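In our numbering, the protein residues as written are 3 to 261. Backbone N, C-alpha and C fix where the C-beta goes; we use that ideal spot for every residue, glycine too. Here the structure is a predicted model, which means the values were calculated and not measured. Inspection log for the structure reproduced underneath, given as structure tokens.
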């Protein structure tokens with residue numbers, strides 16, 4: 003009796019079946035862990051620079067996946083998958099994963115251009131460029147109190163000493179120091195009060211805001227020093243991409259039937 007054909011058939015079955023087994027990292031209590039999950043985690047670890055692809059890394063991830071699968075099965079066995087809070091958290095995670103996939107694909111299909119980066123950088127320069135002022139302020143409850151502070155300053159009192167009585171307790175102990183301020187980053191009436199002042203000058207009249215009456219002193223004036231477009235390019239590109247995604251979301255919301 004010739005057994006060669008039978009052996010050949012067994013060998014062929016083994017060859018055909020091998021890829022099916024190779025598709026799984028392991029089978030835990032009958033539940034398969036696909037190799038694609040291992041490959042995905044290896045790519046993430048390597049991309050984050052935490053390690054290099056190696057048999058040691060793959061073995062560690064395999065053990066992690068097996069350990070996680072055991073815990074998942076035990077959690078389901080104990081009924082946690084039917085818990086209302088767990089189901090809500092799973093739904094939140096599902097939605098976030100879907101949104102992330104959509105956003106990543108949208109950004110990939112709508113690449114940020116150099117022209118868009120330049121326009122965003124120019125807007126940043128327009129907002130943050132120009133003069134910067136190192137300011138101090140004293141905040142009072144009433145206009146009369148502010149006038150009294152100004153009078154004392156004209157009489158030779160030190161600004162830092164009078165600042166100790168300021169309503170702004172956050173700066174009072176530090177001589178009213180507000181650090182460097184760009185006029186474009188504060189309310190217009192506040193900016194208008196100090197933009198025309200030179201080093202060492204104090205406002206002639208207090209500026210009223212919801213916080214009280216501000217007596218402002220200019221310690222220093224300088225030209226703003228901003229990073230170059232090349233230095234900020236990654237951050238600017240991310241900001242442009244973020245704005246594109248937000249515009250895309252707004253467009254979808256407008257088209258949606260919201261009740």
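Coarse secondary structure for residue i, derived from DSSP in three states
i	result
residue 212	coil
residue 223	strand
residue 141	strand
residue 26	strand
residue 188	coil
residue 53	coil
residue 104	helix
residue 197	helix
residue 48	helix
residue 217	strand
residue 260	coil
residue 89	helix
Proximity test, residue i beta-carbon vs the ligand ATP heavy atom, cut-off 7 Å
i	result
residue 75	You won't find the ligand ATP in this model; it holds no ligand whatsoever.
Terminal residues of the beta strand (DSSP E) in which residue i lies
i	result
residue 33	33-36
residue 179	179-183
From the options, residue whose alpha carbon lies closest to that of residue i
i	options	result
residue 118	39, 205, 192 and 240	240
residue 191	200, 255, 217 and 178	217
residue 184	46, 126, 80 and 68	126
residue 161	202, 252, 189 and 60	202
residue 102	258, 251, 261 and 255	251
residue 215	197, 257, 258 and 165	165
residue 207	149, 35 and 227	149
residue 247	105, 95 and 60	105
residue 182	205, 98, 219 and 89	219
residue 124	256, 249, 229 and 255	229
residue 27	60, 48, 52 and 54	60
Extent of the continuous alpha helix (DSSP H) to which residue i belongs
i	result
residue 268	With the chain running from 3 to 261 in the structure shown, residue 268 is simply not present.
The segment 227-247 touching the segment 148-160, judged by at least three CB pairs closer than 8 Å: At 8 Å Cβ cutoff, the stretches do not touch.
Contact the segment 168-178 vs the segment 134-148: 3+ CB pairs below 8 Å: Proximity of the segment 168-178 to the segment 134-148 meets the contact definition, three or more beta-carbon pairs being nearer than 8 Å.
Contiguous alpha helix (DSSP H) assignments of at least 4 residues, all confined to the segment 106-174: Runs of the alpha helix (DSSP H) inside the segment 106-174: 116-130, 145-156, 161-164 and 171-174.
Three CB pairs or more closer than 8 Å across the segment 213-225 and the segment 128-135: Short answer: they touch.
At least 3 beta-carbon pairs within less than 8 Å: the segment 240-257 vs the segment 103-122: Short answer: they touch.
Cβ contact check for the segment 29-43 and the segment 60-70: 3 or more pairs under 8 Å: Between the segment 29-43 and the segment 60-70 there are three or more inter-stretch CB-CB distances shorter than 8 Å, so the stretches are counted as touching.
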